[in-house]
Every structure is written in structure tokens, then in C-alpha cells.
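Number of protein chains: 2
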Amino acid sequence: MPKVGMEPIRRQQLIAATMAAIDEVGLADATVMRIARHAGVSAGIISHYFGGKDGLLEATMRQILTDLGDAVAARRRGLANHGPRAHLQAIIEGNFDRSQVTGPVAKTWLAFWASSMHKPELARLQQVNDRRLYSNLCAQFRRVMPQQDARYAARTLAALIDGLWLRGALTPEGLDAESARRAALATLDQLLSTHSTSAA
Amino acid sequence: MPKVGMEPIRRQQLIAATMAAIDEVGLADATVMRIARHAGVSAGIISHYFGGKDGLLEATMRQILTDLGDAVAARRRGLANHGPRAHLQAIIEGNFDRSQVTGPVAKTWLAFWASSMHKPELARLQQVNDRRLYSNLCAQFRRVMPQQDARYAARTLAALIDGLWLRGALTPEGLDAESARRAALATLDQLLSTHSTSAA
DNA sequence: TTTTATTGATTGAACGTTCAATAAAAGAAT
DNA sequence: ATTCTTTTATTGAACGTTCAATCAATAAAA
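In order, the protein sequences belong to chains L and D.
Everything in the first sequence is counted per our numbering, starting at 1 for the first residue and increasing by one.
Everything in the second sequence is counted per our numbering, starting at 1001 for the first residue and increasing by one.
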């Protein structure tokens, strides 16, 4: 059934199938055959479009990071002249959207996270994303407190976000996004209240 | 060089070698041969003492959890009639000791964490450990605040601990245990100060 | 007829496990 | 003490399996 212009379609199908396979059996057992079966195509097509399994995995991680960045950016749109608290809240809520914080994406994200410890290319992607979150947080905190305090607050909030989300990925019931958001926002307010000279 | 009573020695050697191998190349590439080479023995010995590779991995995770539990318990010893703040501080510091929060143990722990998403036996171990941390935290918070608030505080602090520790495992420089401890203790004080009727 | 898309059998490498062989140590017998 | 026997510890080659990658064959579309 060859039709022209299949490339973008197949790429999306295979990326989605990769997440589905990882969600189902984990990264270690997500073979090219299983991924291909999920997408309804043959195994050979993966090497054709992604150069090999590694290329597909990298593309999948890149997709997840892009979606996450978009979710945060969308919530910050139109907040240009708002206070830091509004921006920080948007960052938190964007991170707990994470395209779909429940289901395949969350498990795939955690699997890549662990895998990035020993795969330089994945580590690079993960680090770029990480620094973006940190410097975004830091820049907003910086508006109401000294740099050193801002750095500390950013590190604390970033760790809390990751921790909440990580625990959500592991509990059988999935992440309770509502209560996670509440915990992060409450901690945010306490981090801000220490320097409550100019609230916004 | 067979000597009697090698079993406990070999088991310890192989568990240590497993962590070293996972630290070096990751769980996915930690083959029985590589682990055996680290321990200076042949590959066949793993099946002999642990029944197979899975048995060794499970024993390794169990060891890490035991060490973690011991580190916390040791710091809480003799705190029987102290206030909740002392117990919570001991729990935090025990978790940032983690036998050796830096090096092989940290990476191995994270690798197992991710792997437990799809291996029921590892998931069981991880869950037992998780519930222990949570209920310990909850019991102490419960002494100075209503149950619902205590549960919220316990979940927040547990997530922060995991998040700090997780980020430490991923940064190339390793976890800055000192600054992580400071962040967790500061958050602890803020969680307690909301209900600062009876400080101890 | 040429181009684009796809298949699936094949290949070669890597893995975990098994097991017969081996050898040191411990115990028994001279 | 020395030799023989049994037990315990260990090896490493062989086996069967699984996987990712390849590529000649195929077929729809242009």
C-alpha cells in the first residue's frame, strides 16, 4: 500500500508505538518487532526511517521533551507583564500536564531518564531540558530575592516537581496530578513568602 | 582454590560486582560475564549461588534497601523520647547517607527503580521500602498536626527527598549531599512551622 | 516505466544457562 | 605422616535462544 508522503506519518506512528511498547513491557523488552507490531508495520521499516533502533528511541525522547516544553510555553503565553508567582505557577502546571502525565508518556519518560545515565546522546537531551527548567525557575525567583536564595529555591522546587512526578510514575494508580499540583504550589508559596516584600 | 564456607563471601562479592557493573555500563549492559569479571570469578558461579541472573539482581536490590533501612534506623537509635523534629531530621539524614549516596549505589538504585515498573518482584521490594519511609514520616508529623495535614506533609517531604536524590544520581558531579540535606531540612522546618504550637 | 514504500526471511552477534570436568580442601584410614 | 576418598567450589566450552540489522523481492503509485 505504498503512497507518497508516508514519512511523517510513519515517524509519528512509530514514536507513538515506542511509547506504547515501553509502557507495556518496559524499555528492556521493547524490541523492534514489538514496536513494529504496535504500529502495524514490519520491523525493517524502523531502520529505514530512523536508521536503527537507537535513532527511534532518541526521536521518541526528543518528542516527549518537545511536548513538555510546549505545555509549559503555552501556559506562560500572555503572562509577559505578570508577576513571578504567575510564571512559576504556569511552569508547575505545565510540568504536571506533560502532554499526558498519566499513561505511556510517564513511564517512557522515566525509562529514558534512567537510561540517560549511560547513553551520552540521551543524557545530552535530558540535560538541556533540565537546565531549561532550572533557569526558568531561577529567573523568576530572582525577581523577588537575592541570587543565592533564588538558586536554592529553584533547586528545591525542581527537585520537588521531579520527585512528585517520579513517584506518580511508579504508583500503580498513576500520578494524582491534582494533589501533586497542590503540593508544589503550596511549597512555592512558602518559598516565596520568605521574601514577601513584593508579592504579585 | 576451593575452600569451605565460600558462599557468604561470594554472594557479597557478586552483589558488589553487580553494583560496580551497573555503575559502569548501566543495567542493560550489565551482563553476567561482565559482573563475573568484576568479581574475579567465572560466569557460571552466578547461577550456582543465585539461581540465575534475576536472583542476583533481586539480591542486590534487597541489599541496597537493607543498607538504607539500617542507615535510617541507626540515626534514630536513642531518640525515643525526643520530639518529632529530631526523628524527621534523622530520617532525612539517613536517606542522604544511603550507605554511600555517591558512586555505584546511587546509580544502581535508580536503575532498579526504573526497572521495577515492569518487574513485579522488584516492584514489591520497592513498594515495601516506599511505604516504610512514608509511614515513618507520617507518624512523626502526626504528633504535631491533624492526620490529613500530616499525610500531605509526608508526601511532600518524601517527594522532595526522592527528587533531590534522583537529580543527584543524574548530574555528572554526583549528589551534593550537603546542600541536598540543607534543602530538605529547610522544607521540613517550613512544613512544621505551619503548625508551630508545640515545637520540640 | 520509474519511483517510492514496504516486507520478511536471513545473518551474525550476544546473551543466560547448563553441565561434565577439574581441583583444592577436609575427612578417613593406614 | 602419608595415602585414599569424599565433599565442596569452580571453571569454561557448548547450546539454544533472542535480537537488531540487512537486503533482495514485491507492489502500489506516479
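Ideal placement from N, C-alpha and C gives every residue a C-beta, glycine not left out.
Here the structure is a predicted model, which means the values were calculated and not measured.
Within chain D, no residue has its beta carbon less than 9 Å from that of valine 32 of chain L; the closest one is some 15 Å off. Put simply, the CB of glutamine 1190 of chain D is near chain L, with a gap under 7 Å to one of its CB atoms. For the stretch 1115-1126 of chain D, the set of residues with a beta-carbon nearer than 9 Å to any beta-carbon of chain L comprises Ser1115, Ser1116, Met1117, His1118, Lys1119, Ala1123 and Gln1126, in chain order.
Between alanine 1021 of chain D and arginine 1010 of chain D, the C-beta gap is not smaller than 7 Å, which leaves the two residues out of contact.
Judged by DSSP secondary structure, asparagine 95 of chain L falls within the alpha helix (DSSP H) whose first and last residues are 84-95. The DSSP-derived three-state label of methionine 117 of chain L is coil.
Listed along chain D, no residue sits closer than 9 Å to glycine 55 of chain L by beta-carbon distance, the nearest being about 17 Å off.
Inclusion of leucine 1160 of chain D and alanine 1180 of chain D in the CB contact set at 7 Å is not warranted, their separation being larger than that value.
Under the DSSP assignment, histidine 1195 of chain D falls outside any alpha helix (DSSP H); it carries neither an H nor an E label. Using a Cβ-Cβ cut-off of 7 Å, threonine 156 of chain L counts as an interface residue toward chain D, since at least one Cβ of chain D sits closer than that to its own. Here the alpha carbons of arginine 151 of chain L and cysteine 138 of chain L stand approximately 6 Å from one another.
With respect to proline 84 of chain L, arginine 143 of chain L sits close: the two C-beta atoms are nearer than 7 Å.
For the stretch 157-178 of chain L, the set of residues with a beta-carbon nearer than 8 Å to any beta-carbon of chain D comprises Ala158, Ala159, Leu160, Ile161, Asp162, Gly163, Leu164, Leu166, Arg167, Ala169 and Leu170, in chain order.
Within the same chain, and ignoring the five residues on either side of alanine 1111 of chain D in sequence, the residues whose Cβ sits closer than 7 Å to its Cβ are Ile1022, Gly1026 and Leu1027.
Identification of chain D residues near valine 25 of chain L by a Cβ-Cβ cut-off of 7 Å yields His1118, ordered along the chain.
The straight-line gap separating the alpha-carbon atoms of arginine 1037 of chain D and alanine 1043 of chain D is approximately 8 Å. Closest by C-alpha distance to aspartate 1054 of chain D, out of D/Leu1122, D/Ala1016 and D/Gly1174, is D/Leu1122.
In summary, alanine 1153 of chain D is buried, with 16 or more beta-carbon neighbours lying within 10 Å of its beta-carbon over all protein chains present. Residue-level contact by beta carbon fails for alanine 1016 of chain D and chain L, as no gap is shorter than 7 Å. For the stretch 1083-1117 of chain D, the residues whose beta carbon sits under 8 Å from a beta carbon of chain L are, in order, Lys1107, Leu1110, Ala1111, Trp1113, Ala1114, Ser1115, Ser1116 and Met1117. Not a single C-beta of chain L is nearer than 7 Å to the C-beta of alanine 1071 of chain D.
Under the criterion of beta carbons closer than 8 Å, glycine 168 of chain L and aspartate 162 of chain L do not qualify as touching, at roughly 11 Å. Taken atom to atom, the span from the alpha-carbon of valine 1004 of chain D to that of valine 1128 of chain D is near 35 Å.
Residues of chain D whose Cβ lies closer than 8 Å to the Cβ of threonine 66 of chain L do not exist; the shortest such Cβ separation is about 20 Å.
Secondary structure at leucine 166 of chain L: helix, using DSSP grouped into helix, strand and coil.
The C-beta of alanine 43 of chain L comes no closer than 7 Å to any C-beta of chain D. Under the three-state reduction of DSSP output, proline 172 of chain L falls in the coil class, being neither helix nor strand.
Between methionine 1006 of chain D and threonine 1108 of chain D, the C-beta gap is not smaller than 7 Å, which leaves the two residues out of contact. Neighbours of alanine 183 of chain L across chain D, judged by C-beta separation under 8 Å: Tyr1152, Arg1155, Thr1156 and Ala1159.
Rounded to whole angstroms, the separation of the alpha carbons of leucine 170 of chain L and glycine 1094 of chain D is 22 Å. Residues of chain D with a Cβ closer than 7 Å to the Cβ of alanine 28 of chain L are, in chain order, Ala1028.
Around the C-beta of histidine 118 of chain L, 16 or more other C-beta atoms lie within 10 Å, and the residue is accordingly described as buried. Note on geometry: alpha-carbon atoms of glutamate 178 of chain L and glycine 1051 of chain D lie some 44 Å from one another. Ranked by Cα distance from threonine 1187 of chain D, the first of D/Ala1071, D/Leu1166, D/Ala1158 and D/Glu1173 is D/Ala1158. Residue range 53-76 is occupied by the alpha helix (DSSP H) that includes valine 72 of chain L.
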